[in-house]
Amino acid sequence: MTDPATLPAAVSPLGVVSPPGPECIHLSAAVLPDELARYAIGLANARGGTILVGADESAEVEVKDLHPLMLTHAIFELSGGRLSVNVQSHRQPGGHEVLSVFVPRAPYVLSDPAGAVLAWDGHHLVPVSQTEAEPVADADYTAIIPPDASLADIDPAEVGRLRLFAERSGGQRAAPIAGLADIDFLRELGLLAPSNGALRPNLAGILLAGTPAALRAHIPQGEVCFFHHMTLDVEFQFREDLLRPIPATLARLAELIQARNRFTPVQVGLFRIEVWEQDETVYREALLNALTHRDYQLRDAVHVHLYPNRLDIMNPGGLPGGITPGNILRHQPKRRNPLLAQVLARLGLIEQAGVGVDKMFGLMLRHGKEPPEFTTYPDAVELTLHSMGFDAEFVRFVARKQEELQTLSLDMLIVLSLLAREGEATRATLARALQLAEDRTPRLLRQMEDIGLIERAGVGRGIAYLLAPESREALQRQGLRQAMQTRPAPAEAAASTTGDHDGAPAPVLPRQTTPQLWNKGTLSWSQLGLGGHGTSFPGQTQSRPAAAPAPDKQSSASPSSPPASVLSQTPTPAAEHLHGPTRDEIRAIALALAREKGAVRNPDLRQACGLNVQQAWRVLRKLCDEGHLRRTGQGRSAAYQLA
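What follows is the structure, given as C-alpha cells:
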C-alpha cells in the first residue's frame, strides 16, 4: 500500500501544483460525489496517489463550498466502507484554495458505486479484470504515515508504558533498547520514520502510543466498545467506549472483566488450582489477537460483550485469507498488520510465532472447559469463550498426568477432552477435532496408547478409541466403566460416533461422573411428547401420589399430556441400558421435565440423567439456542421454561 506521505508533494509549500499524471489527478470543484469516488477507487486500484480538487481556477464552484469531511465521507460511503482517504486544504498565493485527497493503494481490488472495476492509467479511468488489478501482497495499513502527523501526536506517558513492557520482556531484541531516549526508542521499534523532511509517527505508532486527539484524528476506528450483560438478553446494563492506545485499552478491559470475574478452587494434592470463569491469560490473548489482526481499513470498532455464561469478542475484517475455524490450529500464521504485530511481539505482548490460539485452546482444555469457538462472517470474526461449568476431575487428571509425563501436548489434550466427554470416538471424529487429515492421526494415537492414556476397541472400520482403564479410573467414570462392559458391536459403535456432525469436530457431550439414575422402561416416548419406543428416567422426588402406570397405558398416553410418572419412578437395573441415555433422549427428558414441573433446573436434569453441572448446562443452553426453552433467573436460581 502506498504511503501518501512518501508520494511527491502534489502541492508544494510555495503553492506549485503538480501536473496530472500516474499518481496525480486534477478534478473540478464541481465534481459530483459519485464521480469523485470513482476516481479515488481507480487511483487506489492502480498505485495510489493524490487527487487535487479545485486545481482549475476557472471553475464556477469554489473549493470553499466543500468541506474536507464531506469528501472523506463521500468516498468512504460510496466505496462501501473499503477506502479511507485523508483530505487537506491548501491556500494558493492568489487566495485560491485546493483540496488534496491522499488515496492509499488498495490491498485488494475495489469496485466503484456502479459495481465496475476501474483503474487510473495516468490519463483516464479504464476497466480492468481481476488479474490485471492484482493487489499488492502483504500491504500493511499500520505502516502508513499520515501526512499531517507529528511528534506532538505521541503521548510520553504511553511511551513509558511501552518501555516497561520492553524491560519486562527480557528479550534480546527489546530489553537493550529500553534505556534509549523516547525518540530513539520509538525509531528502534519502527514507530517513527522520516517523511517530508521530518520524523513522523506511522499508524502503528499512534495505535500504541498516540494521544487521544491523534487517535480521533488519524484512526478513530481503533475504538473498543465494552458491554456488560446481566442476563443472556441483548440488552446491556453497562457500556464503556475506549479510544486509547492498545496497551491502555488492554489494561482497562482487564479491569472491567476482572471486576466481574469469579474463580473456583480445585485441590490437587498439596496444591490448589484456581479455575476462573474467564481466565485472564486466555482473554488477554484473545483481546490482543483482535486488536492486532483486525482490519483497520474498516471504520468499525471491536465489540466485547461479557455475558453471564460467555465472553464474545467481535472484530472487523474476518479471518485472514485461507484461515477458517476448521483449520485455525494448523494453518500457517498470517499477519494482517505486520508492523503492529512485529512491535507487539518484540515487546513480549503477543506470540510472534503464531501460537496464541494454541495457548487459548490449551489453557481452556486444561481447566476442563470447552475450547474457544470461532464464528466467521464476510467482514468480521467472533470469538466466544464459554465460562459456565467445568470438569474438576479432568482438571485434577491433567495436572497429575502433566507432572507424571512431563509433557502433555495440545493434541493430547484435545483427544483426552473429547473422549472424556463422549466416552469413545472414531479416528475420523478425532481427526476433525484435531483439525488434521485422518491419515495423520495414527502416530499421535499410537503414542497415547503406548503411554497408557487411551486404548482401542473393535475391529476394522468399527475401531473406536476410548480412555484407558487407568484414565477412566482417575476420572471416576463409574457410568463409563459400566458402559464398557456392554459396549455395542463395532459396527454399531462406528455408527454412533460418526453421526450427524456435518464435518465439524464432534460436539462435546455428556460423560458420566456419578452413578446413573437412568433406565429404560418407565417413561414412554409418547409421554415425552415425541412418540416412539418406550424409554424412561427416574430419580425425582414424587410431586403427588401416583402408581407407576402399566406399560400398555404408557404407550397409549396422549403425546401432549404431561408425564405423570416423571417425578415418581424408582430405577430398575437393566444391564443392556446401563450406558445411559442418548443425546436425543437427554433433550427429550429436559423438555419433559419443563412440561411437567413448569420449569427444569440444572440439578433436575443432572439427577435424572446422571450428568455433571457442565453437561446439564450445555444441554439446556442448546435447547435455549434452538428456541425450545427460555431461561429465567441467574446463578443457582436459573430455571428453564418451555418457550
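Residue numbers for the sequence shown follow UniProt numbering, so the first one is 1 and each next one is one higher.
From the three backbone atoms N, C-alpha and C, an ideal C-beta is built for every residue, glycine too.
Measure the C-alpha to C-alpha separation of residue i and residue j and round it to an integer number of angstroms.
i, j, result
"V282", "L52", "48 Å"
"L466", "E455", "6 Å"
"E626", "E422", "22 Å"
"A406", "V415", "With the sequence shown as reference, residue 406 is identified as Gln, and Ala is not the correct amino acid for it. About 18 Å."
"P515", "G610", "Summary for P515: the model assigns pLDDT 35, below 50, so the residue's position carries little reliability, and this model does not support an answer."
"A594", "P265", "32 Å"
"residue 657", "A214", "As shown, the chain starts at 1 and ends at 643. That puts residue 657 outside it, with no answer to give."
"M314", "P371", "17 Å"
"R105", "A44", "4 Å"
"V343", "L430", "37 Å"
"G197", "R187", "15 Å"
"F185", "T72", "34 Å"
"D241", "A209", "18 Å"
"V304", "R443", "40 Å"
"Q615", "L475", "15 Å"
"I257", "I273", "20 Å"
"R427", "L36", "58 Å"
"A483", "L445", "Because the pLDDT at A483 is just 40, under 50, the model does not fix this residue reliably, and the point stays unresolved."
"K597", "R631", "15 Å"
"L243", "V234", "23 Å"
"M70", "F227", "32 Å"
"R239", "V128", "46 Å"
"S100", "P147", "11 Å"
"P22", "A46", "9 Å"
"L151", "E158", "13 Å"
"S89", "C24", "16 Å"
"S496", "Q332", "Here the model assigns S496 a pLDDT of 38, short of 50, so the residue's position is not dependable, and the following value carries that caveat. Looking at the two C-alpha atoms, the distance is approximately 34 Å."
"V117", "R168", "49 Å"
"I219", "E382", "22 Å"
Is residue i near residue j, with beta carbons less than 8 Å apart?
i, j, result
"V600", "A588", "no"
"L232", "L253", "no"
"P201", "I144", "no"
"R335", "P316", "no"
"D279", "H367", "yes"
"L418", "G362", "no"
"G54", "A29", "yes"
"T292", "N261", "no"
"L162", "L347", "yes"
"D34", "L78", "yes"
"I246", "L207", "yes"
"N289", "G222", "no"
Determine the burial state of residue i: buried for a count of at least 16 other Cβ atoms within 10 Å of its Cβ, exposed for fewer.
i, result
"E492", "Low confidence applies to E492: its pLDDT is 37, below 50, so where it sits in the model is not reliable, and the reading given next is rough at best. Label assigned to E492: exposed."
"D124", "Inspection of the sequence shows that residue 124 is occupied by His rather than by Asp. Classification for H124: exposed."
"Y296", "buried"
"G160", "exposed"
"Y377", "exposed"
"A425", "buried"
"A643", "exposed"
"V103", "buried"
"I350", "buried"
"H26", "buried"
"D604", "buried"
"E277", "buried"
"F263", "exposed"
"L408", "buried"
"D140", "buried"
Which one of the options has the shortest CA to CA distance from residue i?
i, options, result
"G633", "P308, D300, P20 and A345", "P308"
"S471", "R630, L413, A428 and L430", "L413"
"V275", "R630, A399, D411 and P176", "A399"
"residue 666", "F165, K622, A638 and R168", "Beyond the ends of the chain as shown, which are 1 and 643, falls residue 666; an answer cannot be given."
"A608", "K622, E585 and L629", "E585"
"K359", "L298, E285, A290 and R427", "E285"
"R583", "A152, L180, E596 and L620", "L620"
"I41", "S84, P20 and L347", "S84"
"H229", "L306, P176, F165 and L180", "L306"
"L32", "S18, A74, A119 and D391", "A74"
"L270", "K369, R396 and A457", "R396"
"G452", "E473, R440 and P176", "E473"
"D300", "H331, Q332, A380 and L250", "A380"
"R432", "P469, N327 and F374", "N327"
*asked:* Threshold first: 3 residues or longer. Then list the beta strand (DSSP E) segments lying entirely within the stretch 169-247, N to C.
replied: Within the stretch 169-247, the complete beta strand (DSSP E) runs of at least 3 residues are 192-195, 198-201, 224-228 and 238-242.
_Runs of 4 residues minimum, wholly inside the stretch 399-452: which ones carry the alpha helix (DSSP H) assignment?_
410-422, 427-434 and 442-450
*Length at least 3, wholly inside the stretch 14-99: the beta strand (DSSP E) runs in chain order*: 24-27, 49-53 and 86-91
*What are the complete alpha helix (DSSP H) segments, minimum 4 residues, inside the stretch 269-302?*
280-293
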